[in-house]
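Engineer: In the working numbering, the protein residues as written are 44 to 602.
What follows is a structure written as structure tokens; I'll ask about it next.
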């Protein structure tokens, strides 16, 4: 009987090892050892335990049990002969695509700023790995993050303004009956506080799931590049978490202690579970110990988002980091890897932690985020940035915002300074698109509005199509400031800019990937033709052209 128990335990160990999950619980145990099927993977002859002799087999209930025991021990002692099955447990939040709103009853569009770019990079990873559009989860497609991945030639702020605004209205490429409005908002350059240096805490997930080449190895390369760009004005700490948390380096000067920092980064290894809560608690504690009242205080978290110990639910993460953002420490999130990637949790951490969210799928993307756009990534010039647009019913009968579904705010929250919104980094560009149905009838009333009260106001009879209002707070501030800009007939054109055409193509690409019900009859060829009308101009825009062709070929192969 004891041997039978040993055999059962051995089988469970083998199953756990072959599942690729260490000693995680085996979800299903066969009721009888005899009914357990022999493993399908062949056991190499050169490592097999020698045949069992009759006398030894007598200690088991049968010769077969004895032989199974030996095979089990042999397999448990070696790596799995075939790769572990690639089960996809990636998680994405549901997105309910924006529909058309009637200006007569819904004249206001209110939403939070968003400068995250994770969605575009994650989609690039999927397409480059052979996914076709039909396999991509709709929740992975956030058009606003695709638009904001690219740089645009928007007007810089003038005078004391924090934002510059560029606007154009032209024919909508995917709907001949509509107009397309592009609003380009460009933030001011780096604030004076950037001269005070940065207090940075690298929080690295070193759990077992980070062992893949496109995870921890890429994290190490990314953090090495960032460390080499920092100066003696900065302070860097390195914390890790798995089934326990550690402080590897604390309060180091990246100029004087560079070798120490780079050695700590290079020696990172993956093992254990993922207790993100303890890691975050430790990182915030370290950040507060070196807090710079006039500087930039930020935790940079590197993870695949697969939190399975401590706080694990999205709602609890929201509550936790929402409280921590009151400390004045920003939380930026860098996502890595695939297969078990938890986009929902990563986005929640960044959005509610007053930070930004990037997905790093290559060393080139790490360089873009942490070197080329380091100032934009690390230094906020405005907190809690909100936009509100009031459409003139004399010019617009209906509107539909393209993207920003998970950034929508209640209209009354625009003036509510207690309501959290997105931070915007130095020199960052925010691109917003609206599909507009031109006015064709009388407008109804909505009290307290610029263009309509009981009847249309005098302002509605002018050439204004809309008014853009922007609210923001100074970094670390509590009271918002307001900037406004009107858009009218002067911005309507039959010859839109290359930026307008390029942004339109990005939107079409997103609508095709997300299977939008508003995509009309557009095809991949239409997106490519629209891109061909632009000069592209840089490697990132040229790469988009290549990705569209990849998506087109994948669809053709599946037809």
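Heads up, the beta-carbon is just placed ideally off N, CA and C, and yes, glycines get one too.
Please state whether DSSP places residue 420 in a helix, a strand or coil.
Structural biologist: Here residue 420 sits in helix by DSSP.
Engineer: How big is the Cα-Cα spacing for residue 545 and residue 574?
Structural biologist: The straight-line gap from Cα to Cα measures roughly 6 Å.
Engineer: Helix, strand or coil, according to DSSP, for residue 98 in the structure here?
Structural biologist: For residue 98, the predicted structure reports a pLDDT of 38, less than 50, and the residue's modelled location is therefore unreliable. The matter cannot be settled from this model.
Engineer: Give the range of the beta strand (DSSP E) segment to which residue 281 is assigned.
Structural biologist: Unbroken beta strand (DSSP E) run through residue 281: 278–284.
Engineer: Where do the ends of the beta strand (DSSP E) carrying residue 590 lie?
Structural biologist: Careful: residue 590 lies outside any beta strand (DSSP E), inside the alpha helix (DSSP H) at 582–601.
Engineer: Excluding the five sequence neighbours on either side, which residues of its own chain have a C-beta within less than 7 Å of the C-beta of residue 180, listed in chain order?
Structural biologist: Closer than 7 Å at the Cβ level, and outside the excluded window around residue 180, lie 135.
Engineer: Can you tell which of 398, 249, 304, 377 has its C-alpha closest to the C-alpha of residue 273?
Structural biologist: Per the Cα distances, 304.
Engineer: If you draw a straight line from the alpha carbon of residue 230 to that of residue 145, how long is it in whole angstroms?
Structural biologist: The straight-line gap from Cα to Cα measures roughly 31 Å.
Engineer: Which value, in whole angstroms, describes the spacing of the CA atoms of residue 513 and residue 430?
Structural biologist: Each residue's Cα considered, the two are about 5 Å apart.
Engineer: In angstroms with no decimal places, state the Cα-to-Cα distance between residue 572 and residue 542.
Structural biologist: Cα to Cα, residue 572 sits roughly 15 Å from residue 542.
Engineer: Are the beta-carbon atoms belonging to residue 349 and residue 383 less than 8 Å from one another?
Structural biologist: Cβ atoms of residue 349 and residue 383: closer than 8 Å.
Engineer: Just to confirm, are residue 412 and residue 469 a CB contact at a threshold of 8 Å?
Structural biologist: In this structure, residue 469 does not lie closer than 8 Å to residue 412 by Cβ.
Engineer: Alpha carbon to alpha carbon, what distance is there between residue 184 and residue 520?
Structural biologist: Cα-Cα distance, rounded: 33 Å.
Engineer: Sort out for me which residues DSSP pairs residue 204 with in a bridge.
Structural biologist: None, per the DSSP bridge assignment.
Engineer: For the putative contact between residue 156 and residue 464, defined by C-beta atoms under 8 Å, what is the C-beta separation to the nearest angstrom?
Structural biologist: Yes, residue 156 and residue 464 are in contact; Cβ-Cβ is about 6 Å, under 8 Å.
Engineer: From this set, 333, 392, 377, which residue's C-alpha is nearest residue 358's C-alpha?
Structural biologist: If we check each option's Cα against that of residue 358, 392 comes out closest.
Engineer: With burial defined as no fewer than 16 other Cβ atoms inside 10 Å of the residue's Cβ, what is the status of residue 404: buried or exposed?
Structural biologist: Buried, since its Cβ has 16 or more Cβ neighbours within 10 Å.
Engineer: Return the CA-CA distance between residue 200 and residue 308, expressed in angstroms with no decimal places.
Structural biologist: If you take the alpha carbons of residue 200 and residue 308, they lie about 39 Å apart.
Engineer: Below 8 Å on the Cβ atoms is my contact criterion, and I expect residue 221 with residue 478 to pass it. Report the Cβ-Cβ distance as a whole number of Å.
Structural biologist: Between residue 478 and residue 221 the Cβ distance is about 5 Å, and since that is below 8 Å, they are a contact.
Engineer: Per DSSP, what kind of secondary structure is residue 295 in: helix, strand or coil?
Structural biologist: In the structure shown, residue 295 sits in a strand (DSSP, three-state: E or B).
Engineer: State the beta-bridge partners of residue 389 as determined by DSSP.
Structural biologist: Residue 389 is not bridged to any residue.
Engineer: Name the residue from 137, 151, 139 whose alpha carbon lies nearest to the alpha carbon of residue 434.
Structural biologist: Ranking the options by Cα distance to residue 434, first place goes to 151.
Engineer: Is there contact here, the segment 577–592 with the segment 202–218, by at least three beta-carbon pairs under 8 Å?
Structural biologist: The segment 577–592, when compared against the segment 202–218, does not touch it at the 8 Å Cβ threshold.
Engineer: Report the partner residues of residue 442 according to the DSSP bridge assignment.
Structural biologist: BP columns for residue 442 point to 144, 479.
Engineer: Please report the straight-line C-alpha distance between residue 395 and residue 561, rounded to a whole angstrom.
Structural biologist: In a straight line, the C-alpha of residue 395 is about 30 Å away from that of residue 561.
Engineer: Does any CB atom of chain B fall closer than 8 Å to the CB of residue 204?
Structural biologist: Checking the listed chains, one finds no chain B in this structure; it contains a single protein chain.
Engineer: Please report the distance separating the alpha-carbon of residue 321 from that of residue 351.
Structural biologist: Cα-Cα distance, rounded: 12 Å.
Engineer: Taking just the CA atoms, how far does residue 528 sit from residue 481?
Structural biologist: Residue 481 and residue 528: Cα-Cα distance of roughly 20 Å.
Engineer: Can you tell me which of 300, 380, 459 puts its alpha carbon nearest to the alpha carbon of residue 523?
Structural biologist: The option with the nearest alpha carbon to residue 523 is 459.
Engineer: Considering only the alpha carbon of each residue, which of 186, 189, 212 lies closest to residue 438?
Structural biologist: That would be 212, whose Cα lies nearest to the Cα of residue 438.
Engineer: Between the segment 241–251 and the segment 313–320, are three or more C-beta pairs nearer than 8 Å?
Structural biologist: Verdict: yes, contact present.
Engineer: Alpha carbon to alpha carbon, how far is residue 505 from residue 417? Give it in angstroms, no decimals.
Structural biologist: Cα-Cα distance, rounded: 43 Å.
Engineer: Taking the C-alpha atoms as reference points, what is the distance between residue 547 and residue 293?
Structural biologist: Rounded to the nearest angstrom, the two C-alpha atoms are 46 Å apart.
Engineer: For residue 471, collect the residues of the same chain with a Cβ closer than 6 Å to its Cβ; drop the 5 residues on either side in sequence, then sort them by chain order.
Structural biologist: Once the five neighbours on either side are set aside, the close Cβ partners of residue 471 are 158, 230, 419.
Engineer: Considering Cα atoms alone, identify which of 567, 581, 586, 582 is closest to residue 595.
Structural biologist: When each option's Cα is compared against that of residue 595, the closest is 567.
Engineer: Specify the secondary structure class of residue 368 as computed by DSSP and reduced to three states.
Structural biologist: It is helical.
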